[in-house]
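Residues in the sequence shown are numbered consecutively from 1, following full-length UniProt numbering.
These notes are about the structure you will find just below.
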Amino acid sequence: MKINKNLIGNILFVALLVILLFTPLGFSIKVYVNRLLSFSPSVLDVKEQVVIKDYNWELRTSKLEHINLRDTQGKVVLINVWATWCPPCVAEMPSLQELYATYTKEVVFIFIAQDEPEKVSTYLQKNNFTFPVYYEQSKAPIAFLSNKIPTTYIINKKGEIVVAKTGAADWNSEKTRKLIEGLIVEE
């Protein structure tokens, strides 16, 4: 029986697709590709910057400690909504950890997980991530509604969203650090 080259090619393509979509190896490949394609986030044009009017957003830690977004008013804030099962989220976590380690005293970091606390805790420990993780206790204010992850916001001291990025990014880039340093010294 003679096997058609197209048939072999199609079988190999389907096998590769199955590996990418349904195996842990596929997840790792997606994370790697997302890291390669991650660039610095862009600052929104002044016309596109939203001023936060509603700061009422109840969050809690896995240890049941509560915070409210209104406690961050007048501070530089980075909010990241993510999940452990999301390849772009996982891809950007090392750069967010580096940013957190650098600016933990000057910037309020709020990482909002869309997973069960046990999964998040295991993921954080496995990767030696030390940033604070929260879980939503109330509906997000309109300014932060998004149906995609990862979504990250950087907010200045005046309550203006200066960066709103959906998808993986290199958060520890020189461009992002300069932006944050400028926001820290801004009155």
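The C-beta atom is built at its ideal place from N, Cα and C for all residues, glycine as well.
Notebook entry, point to check: Ends of the beta strand (DSSP E) at Val108?
Noted result: Here residue 108 is taken as the residue at index 108 of the sequence shown, counted from 1. Under the DSSP assignment, Val108 falls in the beta strand (DSSP E) whose first and last residues are 107–113.
Next item on the list: Give the single residue among Glu65, Val81, Ala101 whose Cα lies nearest to the Cα of Asn147.
Entry: For the purposes of this step, residue 147 is taken as residue 147 along the sequence shown, with counting starting at 1. Closest by alpha carbon: Val81.
Check: Quick one: what does DSSP say Lys165 is sitting in, helix, strand or coil?
Finding: Numbered from its first residue, the sequence shown carries residue 165 at position 165. Reduced to three states, the DSSP call for Lys165 is strand.
Next item on the list: Compute the distance between the beta-carbons of Leu78 and Ile110, then report whether it is under 9 Å.
Entry: Along the sequence shown, one-based indexing puts residue 78 at 78. Along the sequence shown, one-based indexing puts residue 110 at 110. Taking 9 Å as the Cβ cut-off, Leu78 and Ile110 qualify as a contacting pair.
Notebook entry, point to check: When you compare only the Cα positions, how much space is there between Tyr134 and Leu183?
Noted result: Working through the sequence shown from its first residue, we reach residue 134 at position 134. Working through the sequence shown from its first residue, we reach residue 183 at position 183. Approximately 24 Å, taken between the alpha carbons.
Notebook entry, point to check: On the three-pair Cβ rule with 8 Å, is the segment 121–140 touching the segment 57–64?
Noted result: Taking one beta carbon from each stretch, the segment 121–140 and the segment 57–64 have 3 or more pairs nearer than 8 Å; the two touch.
Checklist line | Local Cβ density within 10 Å of Trp85, reported as buried at 16 or more and exposed below that | finding: Looking up residue 85 in the sequence shown gives position 85. Its Cβ having fewer than 16 others within 10 Å, Trp85 is exposed.
Check: Quick one: any contact between the segment 146–161 and the segment 117–127, if contact means 3 or more CB pairs under 8 Å?
Finding: No, they do not touch.
Check: Going by the CB atoms, is the gap between Val76 and Ile154 shorter than 9 Å?
Finding: Here the question's residue 154 lines up with position 154 in the sequence shown. Here the question's residue 76 lines up with position 76 in the sequence shown. Inclusion of Ile154 and Val76 in the CB contact set at 9 Å is warranted, their separation being smaller than that value.
Margin query: The beta strand (DSSP E) that contains Leu78, what's its start and end?
Written below: Here residue 78 is taken as the residue at index 78 of the sequence shown, counted from 1. Here the beta strand (DSSP E) through Leu78 covers 76–82.
Next item on the list: Go ahead and pull the three-state DSSP assignment for Val43.
Entry: Here residue 43 refers to the residue found at position 43 of the sequence shown. When secondary structure is reduced to three states using DSSP, Val43 falls in the coil class, being assigned neither helix nor strand.
Checklist line | Complete alpha helix (DSSP H) runs within the segment 95–155 (minimum length 4 residues, chain order) | finding: Those alpha helix (DSSP H) runs which fall completely within the segment 95–155 and span 4+ residues are 117–127.
Check: With respect to the beta strand (DSSP E) encompassing Glu58, which residues constitute its N-terminal and C-terminal limits?
Finding: Mapped onto the sequence shown, residue 58 falls at position 58. Annotation: the continuous beta strand (DSSP E) that includes Glu58 extends over 58–60.
Next item on the list: Over the uninterrupted beta strand (DSSP E) stretch that includes Ile67, give me the two end residues.
Entry: Indexing the sequence shown from 1 puts residue 67 at position 67. Counting along the chain, the beta strand (DSSP E) containing Ile67 begins and ends at 66–68.
Item checked: Buried or exposed by the 16-neighbour rule on C-beta atoms within 10 Å, applied to Lys165 -> By one-based count along the sequence shown, residue 165 stands at place 165. Counting the other CB atoms within 10 Å of its CB gives Lys165 a total of 16 or more, which places it among the buried residues.
Note to self: Tell me the rounded alpha-carbon separation between Asp45 and Val162.
What the structure shows: Counting from 1 along the sequence shown, the entry for residue 45 is found at position 45. Counting from 1 along the sequence shown, the entry for residue 162 is found at position 162. So the two alpha carbons sit approximately 8 Å from each other.
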